[in-house]
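**Student:** Encoded as structure tokens, here's the structure I'll be asking about.
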Amino acid sequence: VFLVKPFVGKPNADLIVIITTIAGASFIQNGVQVIFGPRYKKLDRILEGRPLEVLDTAIGLQEVLIIVLTPITLLLLHLFLKLSKLGLAIRAVAQNDDFARLVGINVNQIYPQTFIVSSILAGLAGLMLGGLFFILPTMGSEPLLRAFVVVVFGGLGSLPGTIVGSYVIGLIEQSSAYVFSLYWAPVVLFATLILVLIFRPRGLMGGKES
Numbered sequence: 004v005f006l007v008k009p010f011v012g013k014p015n016a017d018l019i020v021i022i023t024t025i026a027g028a029s030f031i032q033n034g035v036q037v038i039f040g041p042r043y044k045k046l047d048r049i050l051e052g053r054p055l056e057v058l059d060t061a062i063g064l065q066e067v068l069i070i071v072l073t074p075i076t077l078l079l080l081h082l083f084l085k086l087s088k089l090g091l092a093i094r095a096v097a098q099n100d101d102f103a104r105l106v107g108i109n110v111n112q113i114y115p116q117t118f119i120v121s122s123i124l125a126g127l128a129g130l131m132l133g134g135l136f137f138i139l140p141t142m143g144s145e146p147l148l149r150a151f152v153v154v155v156f157g158g159l160g161s162l163p164g165t166i167v168g169s170y171v172i173g174l175i176e177q178s179s180a181y182v183f184s185l186y187w188a189p190v191v192l193f194a195t196l197i198l199v200l201i202f203r204p205r206g207l208m209g210g211k212e213s
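With positions in the sequence shown counted from 1, the corresponding number in this note's numbering is that position plus 3.
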């Protein structure tokens with residue numbers, strides 16, 4: 004309401020909203036630290052037990068749960084956007100909010116409803132990551148940065164591109180960490196992103212109907 008709605012329909016609204024929401028996140032993160040303190044916390048793993056051995060690599064049950072749950076969640080999100088009335092309205096507003104208004108969609112309601120759906124997905128991701136890493140107010144910054152890279156890499160507005168991009172980026176990052184070192188992985192990741200933006204600015208699958 005305060006960070007997005009005032010800029011809807013204005014020039015460069017997408018860029019302005021990105022800046023305002025990042026600023027809002029910064030206020031929230033620092034506010035939480037002031038109120039609750041910076042002490043790290045930890046969630047219990049949803050699945051406990053002996054790790055699975057796959058090709059001489061130990062994979063924890065929580066990681067297995069994430070591997071299984073992620074494509075299921077993405078499939079449900081795809082079906083939601085393709086088949087449900089709200090999902091179709093979200094896609095219509097994303098493509099052209101003026102035409103969405105012409106066909107009777109209440110654009111002012113779609114934005115907060117989209118935010119709710121996004122928050123549910125972010126909460127699910129936080130629940131999964133909370134069993135693997137320590138919880139702190141700024142824990143979302145690193146996954147958010149990776150998500151930004153994935154979305155740009157796959158193509159803005161393309162769910163298939165996001166799915167493909169997430170696996171490609173994950174493989175690139177982990178392979179570079181194994182071949183070079185953990186510290187060089189971000190360098191290789193962003194170098195790949197820069198090359199994609201130079202030769203295909205819309206991303207791998209951008210510009211197609213999703």
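Heads up, the beta-carbon is just placed ideally off N, CA and C, and yes, glycines get one too.
Being a predicted model, the structure only gives us computed values, none of them experimental.
(1) Following the continuous alpha helix (DSSP H) through T76, name the residue where it begins and the one where it ends.
(2) Assuming H64 contacts P54 under a Cβ cut-off of 8 Å, what Cβ separation, rounded to an integer in Å, is found between them?
(3) So the alpha helix (DSSP H) L174 belongs to, where does it begin and stop?
(4) On the criterion of 16 or more Cβ atoms from any shown chain inside 10 Å, does T165 qualify as buried, or is it exposed?
(5) Grab the span of the alpha helix (DSSP H) containing V120 for me, first residue to last.
(6) Which word fits I123, buried or exposed, when buried means at least 16 other C-beta atoms lie within 10 angstroms of its C-beta?
(7) Considering just the uninterrupted stretch of the alpha helix (DSSP H) at V199, what are its terminal residues?
(8) So does the segment 133–140 actually touch the segment 150–170, counting three or more Cβ pairs closer than 8 Å?
(9) Out of S144, S178, V110, R205, state which residue places its alpha-carbon closest to the alpha-carbon of N33.
(10) Whole angstroms are fine: how far does the CA of F136 sit from the CA of Y43?
(11) For E56, which beta-bridge partners are listed by DSSP?
(12) Assuming R149 is part of the alpha helix (DSSP H), what are its boundary residues?
(13) I'd like to know if the segment 167–176 and the segment 184–197 are in contact, where contact means that at least 3 CB-CB pairs between them fall below 8 Å.
(14) Excluding the five sequence neighbours on either side, which residues of its own chain have a C-beta within less than 7 Å of the C-beta of I108, listed in chain order?
(15) Taking buried to mean at least 16 other C-beta atoms within 10 Å of its own C-beta, is L196 buried or exposed?
(16) Counting C-beta neighbours from all protein chains within 10 Å, is the total for A103 16 or more, i.e. buried, or is it exposed?
(17) If you draw a straight line from the alpha carbon of L58 to that of V182, how long is it in whole angstroms?
(18) Pull up the distance between the alpha-carbon of L130 and that of G52, whole angstroms please.
(19) Could you tell me which of N99, L6, L207 sits nearest to P163, measuring between CA atoms?
(20) Tell me the rounded alpha-carbon separation between A26 and L6.
**Tutor:** Concretely, from the data shown:
(1) Taking the sequence shown and counting its residues from 1, one reaches residue 76 at position 73. Here the alpha helix (DSSP H) through T76 covers 64–86.
(2) Taking the first residue of the sequence shown as 1, we reach residue 64 at position 61. Taking the first residue of the sequence shown as 1, we reach residue 54 at position 51. One detail in the question is off: residue 64 reads as Leu in this sequence, not His. That belief holds up - the Cβ atoms of L64 and P54 are roughly 7 Å apart, short of 8 Å.
(3) Counting from one through the sequence shown, the residue named residue 174 turns up at place 171. Residues 162–182.
(4) Counting from 1 along the sequence shown, the entry for residue 165 is found at position 162. Label assigned to T165: buried.
(5) The residue labelled residue 120 in the question sits at position 117 within the sequence shown. It spans 110–133 - the alpha helix (DSSP H) in which V120 sits, taken as one unbroken run.
(6) For the purposes of this step, residue 123 is identified with residue 120 of the sequence shown, where counting begins at 1. Exposed, because fewer than 16 other Cβ atoms sit within 10 Å of the Cβ of I123.
(7) Mapped onto the sequence shown, residue 199 falls at position 196. Where V199 is concerned, the enclosing alpha helix (DSSP H) stretches over 188–202.
(8) no
(9) Within the sequence shown, numbered from 1, the residue matching residue 33 stands at position 30. Per the Cα distances, S144.
(10) Mapped onto the sequence shown, residue 43 falls at position 40. Mapped onto the sequence shown, residue 136 falls at position 133. Computed Cα separation, rounded: 10 Å.
(11) Position 53 of the sequence shown, counting from 1, holds the residue named residue 56. According to DSSP, E56 bridges with A61.
(12) As a working note, residue 149 is residue 146 in the sequence shown. Residues 144–157.
(13) yes
(14) Taking the sequence shown and counting its residues from 1, the one referred to as residue 108 is at position 105. Closer than 7 Å at the Cβ level, and outside the excluded window around I108, lie A92, A95, V96.
(15) Looking up residue 196 in the sequence shown gives position 193. Buried.
(16) Position 100 of the sequence shown, counted from the first residue, corresponds to residue 103. A103 should be labelled buried.
(17) In the sequence shown, counting from the first residue as 1, residue 58 sits at position 55. In the sequence shown, counting from the first residue as 1, residue 182 sits at position 179. About 18 Å.
(18) Position 127 of the sequence shown, counting from 1, holds the residue named residue 130. Position 49 of the sequence shown, counting from 1, holds the residue named residue 52. Whole-angstrom Cα-Cα distance: 18 Å.
(19) Counted from its first residue, the sequence shown places residue 163 at position 160. Of N99, L6, L207, the residue nearest in Cα terms is L207.
(20) In the sequence shown, counting from the first residue as 1, residue 26 sits at position 23. In the sequence shown, counting from the first residue as 1, residue 6 sits at position 3. Between A26 and L6, the C-alpha separation is close to 9 Å.
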